[in-house]
Amino acid sequence: MTQAVKNVTPEPVTTAQVFRTVNCGDVRGQSFKFLLAVNGGVPIGEALQQASNLSDLAGDLALTAGGALTVSTEQYACAAHFLAECAKAITDACQAYTFAEVQS
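Structure, rendered in structure tokens:
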């Protein structure tokens, strides 16, 4: 007796549902607000590729900023820092999903 094989397509693994990160606000931490949110439902492979691209660009900007900070190179350093934070936010959103899957 043969059994029918079902063609089952697994659900794609996606980022966590709206992962908010990168706080900004009062220095003392009294009124933090989220500056960046990674939307849920993005395939993790695509999200991690974007994080890799942002990290690469942040590295290039950091190298351009060089050693001694001047007014012009400080802008590169700030942009590099922001892009690195964005890349980290995406990576954290992917990890939040995989951690939740392990816990369930």
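Counted the way UniProt numbering counts, the sequence shown spans residues 1 to 104.
Beta carbons: idealized from backbone N, C-alpha and C, even for Gly.
By a C-beta neighbour count over all protein chains shown, 10 Å radius and 16 as the cutoff for buried, is residue i buried or exposed?
i, result
"Ala-93", "buried"
"Leu-83", "buried"
"Val-42", "buried"
"Thr-70", "exposed"
If contacts are defined as beta-carbon pairs under 8 Å, then residue i and residue j qualify, I think. What distance do you get, rounded to the angstrom?
i, j, result
"Leu-54", "Ala-87", "4 Å"
Suppose you measure from the CA of residue i to the CA of residue j; what does that come to, to the nearest Å?
i, j, result
"Ala-80", "Val-38", "19 Å"
"Thr-73", "Leu-63", "10 Å"
"Leu-36", "Glu-85", "9 Å"
"Tyr-76", "Gly-66", "9 Å"
"Ser-52", "Val-13", "18 Å"
"Gly-40", "Glu-46", "12 Å"
"Ala-89", "Cys-78", "17 Å"
"Gln-49", "Ala-96", "17 Å"
"Leu-57", "Thr-91", "16 Å"
Helix, strand or coil for residue i per DSSP?
i, result
"Val-71", "helix"
"Thr-64", "helix"
Are the C-beta atoms of residue i and some chain D residue less than 8 Å apart?
i, result
"Gln-50", "Chain labels in this structure do not include chain D; a single protein chain is all it has."
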